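Here the structure comes first, spelled out in structure tokens, and everything after it is commentary.
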Amino acid sequence: MPTRANLTKVSAPTVLMIAALAALTFQTAAAQGNYAKASGSAKNKTAGTAGTAAGPNTPDLAKTLQAAAEAVGLARWSGVGGQRLPEVDVINTMEIWATGTTYGLGQPYKPSEPWAAFKTEFHAALAYNPPAMRLEMTCTNAGAAPQHTIQVVREKYAWDESEIGAGLVPGKGTASPSMTAANYRLLELWILPYGVIKAALAAGDKTKLSTENGTAVLTFPLSGQLAGVTVKATLDANNEVAKVESRSENTALTDMLTETEYSDYADHGEIATDVKSPGHIIRKQGGHPVLDIQVKMWDANNPYLVFPVPENVKKAAAH
Amino acid sequence: MTRHARTSAIIVTAALLCLLPTAVFAQNNGGPRMDHENTLPPTPTGPTPHTPDGHPDLTGLWNGLADNLLGVPNQMHNVGIEVGPDSTRDINSGLQIATWPLQNRQRQNNEQNERAATLLRRMGSNRPIYKPQYWQRVKDFDANSNEEDPSNQCMPAGVPRVGVPSYIAQTPTYLIFIYPGQGGLIATQTSYRMIPTDGRKHTDLEQLDGTWNGEAIGHWEGDTMVVDTIGFNSTSWFDQLGGYFHSENMHVVERLHRDGNTLTWTATVEDPDVLLEPWTTTPRVALLNPDPKAVLPESLPCSERDLAHVVTKEHH
Numbered sequence: 030m031p032t033r034a035n036l037t038k039v040s041a042p043t044v045l046m047i048a049a050l051a052a053l054t055f056q057t058a059a060a061q062g063n064y065a066k067a068s069g070s071a072k073n074k075t076a077g078t079a080g081t082a083a084g085p086n087t088p089d090l091a092k093t094l095q096a097a098a099e100a101v102g103l104a105r106w107s108g109v110g111g112q113r114l115p116e117v118d119v120i121n122t123m124e125i126w127a128t129g130t131t132y133g134l135g136q137p138y139k140p141s142e143p144w145a146a147f148k149t150e151f152h153a154a155l156a157y158n159p160p161a162m163r164l165e166m167t168c169t170n171a172g173a174a175p176q177h178t179i180q181v182v183r184e185k186y187a188w189d190e191s192e193i194g195a196g197l198v199p200g201k202g203t204a205s206p207s208m209t210a211a212n213y214r215l216l217e218l219w220i221l222p223y224g225v226i227k228a229a230l231a232a233g234d235k236t237k238l239s240t241e242n243g244t245a246v247l248t249f250p251l252s253g254q255l256a257g258v259t260v261k262a263t264l265d266a267n268n269e270v271a272k273v274e275s276r277s278e279n280t281a282l283t284d285m286l287t288e289t290e291y292s293d294y295a296d297h298g299e300i301a302t303d304v305k306s307p308g309h310i311i312r313k314q315g316g317h318p319v320l321d322i323q324v325k326m327w328d329a330n331n332p333y334l335v336f337p338v339p340e341n342v343k344k345a346a347a348h
Numbered sequence: 006m007t008r009h010a011r012t013s014a015i016i017v018t019a020a021l022l023c024l025l026p027t028a029v030f031a032q033n034n035g036g037p038r039m040d041h042e043n044t045l046p047p048t049p050t051g052p053t054p055h056t057p058d059g060h061p062d063l064t065g066l067w068n069g070l071a072d073n074l075l076g077v078p079n080q081m082h083n084v085g086i087e088v089g090p091d092s093t094r095d096i097n098s099g100l101q102i103a104t105w106p107l108q109n110r111q112r113q114n115n116e117q118n119e120r121a122a123t124l125l126r127r128m129g130s131n132r133p134i135y136k137p138q139y140w141q142r143v144k145d146f147d148a149n150s151n152e153e154d155p156s157n158q159c160m161p162a163g164v165p166r167v168g169v170p171s172y173i174a175q176t177p178t179y180l181i182f183i184y185p186g187q188g189g190l191i192a193t194q195t196s197y198r199m200i201p202t203d204g205r206k207h208t209d210l211e212q213l214d215g216t217w218n219g220e221a222i223g224h225w226e227g228d229t230m231v232v233d234t235i236g237f238n239s240t241s242w243f244d245q246l247g248g249y250f251h252s253e254n255m256h257v258v259e260r261l262h263r264d265g266n267t268l269t270w271t272a273t274v275e276d277p278d279v280l281l282e283p284w285t286t287t288p289r290v291a292l293l294n295p296d297p298k299a300v301l302p303e304s305l306p307c308s309e310r311d312l313a314h315v316v317t318k319e320h321h
């Protein structure tokens, strides 16, 4: 056991060593730039601004949107040489593989029965910049041949492909224009959790925040091609988008209420990105189930996904 | 001085010496910029010098070692994501991207930083459009870049992946471009190009053995230096990331334009074997090193030692 004299003898160098270690610690902290300072105050500060130039300016709304964006890994920054850069929306392209059941819209075998169910393999490639989606589904009903469809939308263009990338090079499949489906297909992008957050931010002051049963609810209108569609999104306790209700006054879309529930959030990507995606998606239209799928993989690492518009589709749109 | 005191003094001195590079670096305003408040291109200042033959003089050190592929801000600049103080824009599509104030950032650890960097480097909309039969291959190359990326095997970056030259020397009849080997986003060997500007024509492609940098010939179009290159191997990738492979028929046209102390570089890639249409990089703007005594430091040899220990597909 050290005596008091020994303690005194040891303490002077110890103080110097502590000072030295403190200096080294300071250097390490300094190497992280403003990171520590900023993050220390972030949770306590009012999010005075957020989103695009037209972003929401109500503090609680801004905080809620930022919390939702961070909860799913949409709002990100990196200290790899960018210690002084702000958080930005990093989500552009995604690819999803899922399996489950789809139901034929309004197609019950008998009026009293539920709509016809199909075992469905689901593969979606999507982008937000520019907005585009390629949805490939193989639906199987007992006793019937599988139905394979590839539906594509990019902004105002919609077409069906006989194979992925059909109609772009000679001899490689056909692309059939399907312009009337453009808005309906595009809507799929904006009722996914990431689309909800992006669209709520873009709607600016038109986005309203309320509370229902103790949970935050965002209500906002879509714009552009989807003007007339109102989206209501309910966040869960983790600030993840749990339920999305969309209703349209646009005659090009159905005016039926579409309700989509998202749950089991996790990083479902082959390459870890810290982007959380739902593992289970259930959708109802007009109160009837139309989709119930389990996600097998959700790649959110901005993979190479492109949606060039075939020339014949452009021509069809021009007429 | 007691033994303890001497030991402590050594430790304190060592700690203070460790602090020095940080302090010196922070004052190095004219040299490499390792941290950024934005990814906006530098604003040109000063006159554009001209050589006696009347052309803009491209000679100089352009951003030294640190401002090409190193660091997320440079990489975001390279893919056309302009992050300003309170707004972000994709300059290819014009899309405004949601941005949150710096002081409100969430805390991230190093692993989260790296994963975010993977996304930030790929969020740009300016992507080459391959023929559909190659879409899956590009995606697979990118997803498996730990094994597939030639730069991870210390191969040369090749043209145009190598980007903006770090040093240019200009004579009336040729240009010398030097690209120091670097780590960071991609690990590459030092490479150089000697580019004739004497009016000669390309060798017939069939007579050329494909190489990483190809056969380059330069000419002036007004005040813009146009470097036309053919004769590549098919081993390199042509952009900083993305698994963007090409064939031996790739044709690259680089444009370099000096405005005061800035140099704007773009490259257009034509490859009818694999691309649906020509693709042009987002303009990259390099800044002249203002120190007339600045020199390029020697690059360390590239030595791949990590791949054998990689257990996931997480990558740059």
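Residue numbers (my numbering), protein chains in the order written: chain A, 30 to 348; chain B, 6 to 321. From the three backbone atoms N, C-alpha and C, an ideal C-beta is built for every residue, glycine too. The structure displayed is predicted, hence computed values, not measured ones.
Considering only beta carbons, the part of the stretch 322-336 of chain A lying closer than 9 Å to chain B consists of Asp328, Ala329, Asn330, Asn331, Pro332, Tyr333, Leu334, Val335, in chain order. Shortest Cα-Cα distance from B:Glu303 to any of B:Met160, B:Ser171, B:Ser92 involves B:Ser171. Exposed is the label assigned to A:His348, since fewer than 16 other Cβ atoms lie within 10 Å of its Cβ. For A:Lys272, the beta-bridge partners assigned by DSSP are A:Thr263, A:Glu290. In terms of CA proximity to B:Tyr184, B:Pro165 leads the group B:Pro177, B:Glu282, B:Thr178, B:Pro165. Within the stretch 131-215 of chain B, complete beta strand (DSSP E) segments of at least 3 residues are found at 172-175, 179-184, 196-201, given in chain order. Taken through DSSP and simplified to helix, strand or coil, A:Ala231 comes out as helix. Taking a contact as a CB-CB distance under 8 Å, the pair B:Ile96 and B:Thr287 counts as one, their CB atoms being some 6 Å apart.
The alpha-carbon of B:Arg127 is positioned some 34 Å away from that of B:Gly51.
Burial is judged here by how many other beta carbons sit within 10 angstroms of a residue's own beta carbon; B:Trp225 has fewer than 16 and is exposed.
For the stretch 300-316 of chain A, the set of residues with a beta-carbon nearer than 9 Å to any beta-carbon of chain B comprises Ile300, Ala301, Thr302, Asp303, Val304, in chain order.
Within chain A, Tyr333 have C-beta atoms less than 8 Å from the C-beta of B:Val143, given in sequence order. For B:Ile181, the closest C-alpha among the options B:Asn118, B:Leu66, B:Glu282 is that of B:Leu66. Of the candidates A:Gly196, A:Tyr186, A:Val182, A:Ser205, A:Val182 places its Cα closest to the Cα of A:Leu218.
Against chain A, the CB of B:Trp140 has a partner CB under 8 Å away; the residue lies at that interface. Against chain B, a Cβ distance below 8 Å from A:Leu197 picks out Lys136, Pro137, Leu281. Nearest CB-CB separation between A:Asn158 and chain B: below the 8 Å threshold.
Taking all protein chains in view, the Cβ of A:Asp293 is surrounded by fewer than 16 other Cβ atoms within 10 Å, so the residue is classified as exposed.
Remark: C-beta atoms of A:Leu230 and A:Ala245 do not approach each other more closely than 8 Å. Closer than 9 Å at the C-beta level to chain A, one finds these residues of the stretch 40-57 of chain B: Asp40, His41, Glu42, Asn43, Thr44. In chain order, Ser107, Val109 make up the part of chain A whose C-beta sits under 8 Å from the C-beta of B:Glu119. Taking 8 Å as the threshold, the shortest C-beta distance from A:Pro250 to chain B does not fall below it. According to the DSSP assignment, A:His317 belongs to the beta strand (DSSP E) that extends over 317-328. Put simply, the CB of A:Val119 is near chain B, with a gap under 8 Å to one of its CB atoms.
Contacts between A:Arg163 and chain B, judged by CB atoms closer than 7 Å, are missing: the closest CB pair is about 10 Å apart. No Cβ of chain A is located within less than 8 Å of the beta carbon of B:Leu74. Contact between A:Tyr333 and B:Arg132 is confirmed by a C-beta separation of about 7 Å, below the 8 Å threshold. At least 8 Å separates the CB of B:Asn266 from every CB of chain A. Of all alpha-carbon atoms in A:Asp321, A:Glu190, A:Leu215, the one lying nearest the alpha-carbon of A:Glu165 is that of A:Glu190.
About 7 Å separates the CB atoms of B:Gln245 and B:Ile191; that is less than 8 Å, so the two are in contact.
A Cβ-Cβ separation of about 28 Å leaves B:Pro49 out of contact with B:Asn218 under the 8 Å criterion.
In the DSSP assignment, B:His82 falls within the unbroken alpha helix (DSSP H) covering 77-83.
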